[in-house]
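Sequence lines, in order, name chains A and B. Residues in the first sequence are numbered from 3 upward in steps of one, following the numbering used here. Residues in the second sequence are numbered from 196 upward in steps of one, following the numbering used here. Just so you know, even glycine gets a beta-carbon here, dropped at the ideal spot from N, CA and C. Here's the structure we're looking at; comments come further down.
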Amino acid sequence: MVTTTLPGFSEPVHEAQRTFKGLLDALSHPGQLYSPTVKIIPPEGLTPICASACLTLLDLETIVWLQPTLPNTVKNWLGFHTGCQFSEWPQDATFAIIGDMSSQSSLPDLKDFNQGSAEDPEHSTTMLIQVQDFTSGIAQRLNGPGILESIEIAPNLPKTFWDQWTRNHHTYPQGVDCFLLSHNTVMGLPRTAKVLATCPQITH
Amino acid sequence: MIVSTDNLEPGFNFAYLDEQTKRSIRRSLLKAIAIPGHQIPFGSREMPMSYGWGTGGIQLTASIIGKNDKLKVIDQGADDTTNAVNIRRFFKKVCGVSTTEKTAEATIIQTRHRIPETPLRAGQTMVYQVPIPEPLRWLEPSEVETRKMHALSEYGAMYVRLYEDITQYGYIATAYDYPVMVNDRYMMRPSPIPRFDNPKLHMSEALQIFGAGREKRLYALPPYTSVKSLDFEDYPFTIESWGKACEFCGATNSYLDEVVVDNHGGRLWICSDTDYCSQRQSAQRQNAAAVSVVNTSSVSPEIFKNGGNRS
Ligand SMILES: [Zn+2]
């Protein structure tokens, strides 16, 4: 496979640390944007920050669900660099990687992924969702832990996502957690993030 | 001297832990942040110090620390106790990071027993060394049962226990590790901090993470998270007060330790947080110098504290 010859991190220890710090900050401050600096050539189908997140979090202990529309390059690259396992069943996934949220036919509902159990809510799936940008979507006002008062966000996500997200929040402490990843920026959306209101659409 | 941080202590990975272990702890940390106050098992590793020396906190610090971090370590409120000095030395050796005693300068603060008096700020991470993570342990020794109680939010027994204190003593006698409710959902042990520090947990700007090495559990409080100390309408939660000021800096709003200062039973009340106390003293010296009334006989708190009884 040609794709597997693409390198991973050039400084694995420090770049994984920097990426993790970005993810940690993002999940601790839902709705805020973080761009850890990492040099990486991602495979076709992953953005640089999403590829960095994968190298930071995945290994042989993790099971990954890939959106079927992602090119094979992603599976080959992840398998080679992380040794992760793959499953076609969203229920099995420790991580799910989404390339295109608008491709509804290839996407299960958030509730079809692992929700964790009442005693082990941490066993739920973590969603790595690649998005175009953080400004052109439907604006939402959030609050919850990590947010002082409230924060308005507008990542490029379809309305169906937010309907599912509201249900996801209601199943707390069970439910999935999301990282939204653009080219090199990440936003965290832990299950505690509550949609207060859908803000009036800004006309561009 | 400038040392390349990549070449420190050959034979060890940066921050001592191998990358596989870090990844596993990091994944658990992210879940802990998403479920504030919920205890998550992690694959605790053998560390080059024994349990009771903060191996849980050390593993969390090792999983988050980067070469540009500035680390502060406190034991009780002091940076100069054996435990704090050893942990700081360990991270200097395995990461080459710089360390500090100043709360305001630190990016990571590892602690047992205290939260600094200087308010924590956004971007800082507090790492707590936790001996026993389970708040319900003394009420229900079975872990199978306590896990069910957390799952069902069945915390009535703890309120009954605290109310028994009130009927027996007239107040809640728990002075350390006073239980809290996190985000109105999980009951959490805040580690053996005095109840004086409990209000600092609430809506803190800093990320707070907790690691228990022997029991292999970690949990977290994201910034701006509601943390309520358990109480009753007729018996609201209160913190300790001394009706005294610190002998060195005059602070009336800090946690005070009673310290033996000589062989004749002389005692003083001084700040437990040595950094806070010395910051206040140096500010006062500067002010005093500015009006040229310098008192040359003032004694540094370290001299007393080293000879003092810090039980
Ligand atoms: Zn003082």
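Rounded C-alpha distance that separates residue i from residue j
i: B:Tyr211; j: B:Glu335; result: 36 Å
i: B:Ser293; j: B:Glu241; result: 25 Å
i: B:Phe443; j: B:Asp379; result: 40 Å
i: A:Asn170; j: A:Glu17; result: 32 Å
i: B:Ser258; j: B:Thr298; result: 21 Å
i: B:Gln305; j: B:Ala279; result: 9 Å
i: B:Leu463; j: A:Ala98; result: 59 Å
i: A:Cys201; j: A:Thr194; result: 19 Å
i: B:Thr433; j: B:Ile361; result: 13 Å
i: B:Phe207; j: A:Cys52; result: 29 Å
i: B:Pro326; j: B:His397; result: 21 Å
i: B:Leu416; j: B:Glu329; result: 15 Å
i: B:Phe405; j: B:Val486; result: 46 Å
i: A:Asp111; j: A:Pro92; result: 9 Å
i: B:Asp270; j: B:Arg409; result: 18 Å
i: B:Tyr323; j: A:Asp61; result: 27 Å
i: B:Gln234; j: B:Gly460; result: 44 Å
i: B:Lys395; j: A:His83; result: 43 Å
Per-residue DSSP class, three states only, for residue i
i: A:Gln34; result: coil
i: B:Asn393; result: helix
i: B:Ile310; result: coil
i: B:Cys441; result: coil
i: A:Leu59; result: helix
i: B:Asp452; result: strand
i: A:Trp79; result: helix
i: B:Met353; result: helix
i: A:Val15; result: helix
i: B:Lys262; result: coil
i: A:Met3; result: Confidence in A:Met3 is poor, its pLDDT being 47 and thus under 50, which makes the residue's placement too unreliable to answer from.
i: B:Ser293; result: strand
i: B:Ile388; result: coil
i: B:Val280; result: helix
i: A:Pro9; result: coil
i: B:Asp360; result: helix
i: A:Asn186; result: coil
i: B:Phe427; result: coil
i: B:Gly406; result: strand
i: A:Asn116; result: coil
Neighbour flag for residue i against chain B, beta carbons, 8 Å
i: A:Leu26; result: yes
i: A:Gln34; result: no
i: A:Lys23; result: yes
i: A:His172; result: no
i: A:Glu63; result: yes
i: A:Leu80; result: no
i: A:Glu18; result: The amino acid occupying residue 18 of chain A in the given sequence is Ala; Glu does not appear at that position. So yes, A:Ala18 belongs to the interface.
i: A:Ala120; result: yes
Contacts of residue i in chain E (Cβ-Cβ under 8 Å)
i: A:Lys41; result: Note that chain E does not occur in the displayed structure, where the protein chains are A and B.
Start-to-end residues for the beta strand (DSSP E) that takes in residue i
i: A:Cys86; result: Neither: A:Cys86 is in no beta strand (DSSP E) and is coded neither H nor E.
i: B:Ser424; result: Val422 to Ser424
i: B:Cys466; result: Arg462 to Cys466
i: A:Gln142; result: Gln142 to Asn145
i: B:Ile327; result: That residue, B:Ile327, is in no beta strand (DSSP E); it is neither H nor E in DSSP.
i: B:Val377; result: Val375 to Val377
i: A:Thr200; result: Lys196 to Thr200
i: A:Ile65; result: Ile65 to Leu68
Element boundaries [alpha helix (DSSP H), containing residue i]
i: B:Met344; result: Glu338 to Leu347
i: B:Thr216; result: Glu214 to Ala229
i: B:Ile434; result: B:Ile434 -> no alpha helix (DSSP H), and no H or E assigned at all.
i: B:Gln324; result: Here B:Gln324 belongs to no alpha helix (DSSP H); instead the beta strand (DSSP E) covers Thr320 to Gln324.
i: A:Asp165; result: Lys161 to His172
i: B:Ala483; result: Thr469 to Ala485
Chain A contact for residue i (CB, 8 Å cutoff)
i: B:His397; result: no
i: B:Arg316; result: no
i: B:Tyr414; result: no
i: B:Thr216; result: no
i: B:Ile310; result: no
i: B:Thr433; result: no
i: B:Ser219; result: yes
i: B:Tyr419; result: yes
i: B:Ala257; result: no
i: B:Phe209; result: yes
i: B:Ser199; result: Any reading at B:Ser199 needs caution, since the residue's pLDDT is 44, under 50, leaving its predicted position unreliable; the model's value is listed next. It does not; no Cβ of chain A falls within 8 Å.
i: B:Asn202; result: Any reading at B:Asn202 must be qualified, since the residue scores a pLDDT of 48, below 50, and its modelled position is unreliable; the value itself is stated next. Judged by the 8 Å Cβ criterion, B:Asn202 is not in contact with chain A.
i: B:Pro231; result: yes
Pair every Cβ in the region 38 to 56 of chain A with every Cβ in the region 18 to 27 of chain A, then say whether three or more of these pairs are closer than 8 Å. Of all C-beta pairs linking the region 38 to 56 of chain A to the region 18 to 27 of chain A, three or more are shorter than 8 Å, placing the two stretches in contact.
Check whether the region 165 to 185 of chain A touches the region 116 to 129 of chain A, taking contact to mean three or more Cβ pairs, one atom from each stretch, closer than 8 Å. Result yes; three or more Cβ-Cβ pairs closer than 8 Å.
Quick check: the region 474 to 482 of chain B against the region 338 to 358 of chain B, are there 3 or more CB pairs under 8 Å? No contact exists between the region 474 to 482 of chain B and the region 338 to 358 of chain B.
Quick check: the region 67 to 76 of chain A against the region 105 to 112 of chain A, are at least 3 beta-carbon pairs closer than 8 Å? Result yes; three or more Cβ-Cβ pairs closer than 8 Å.
Flag this pair as touching only if the region 147 to 164 of chain A and the region 418 to 437 of chain B have three or more C-beta atom pairs under 8 Å; answer yes or no. Output reads yes: the region 418 to 437 of chain B touches the region 147 to 164 of chain A.
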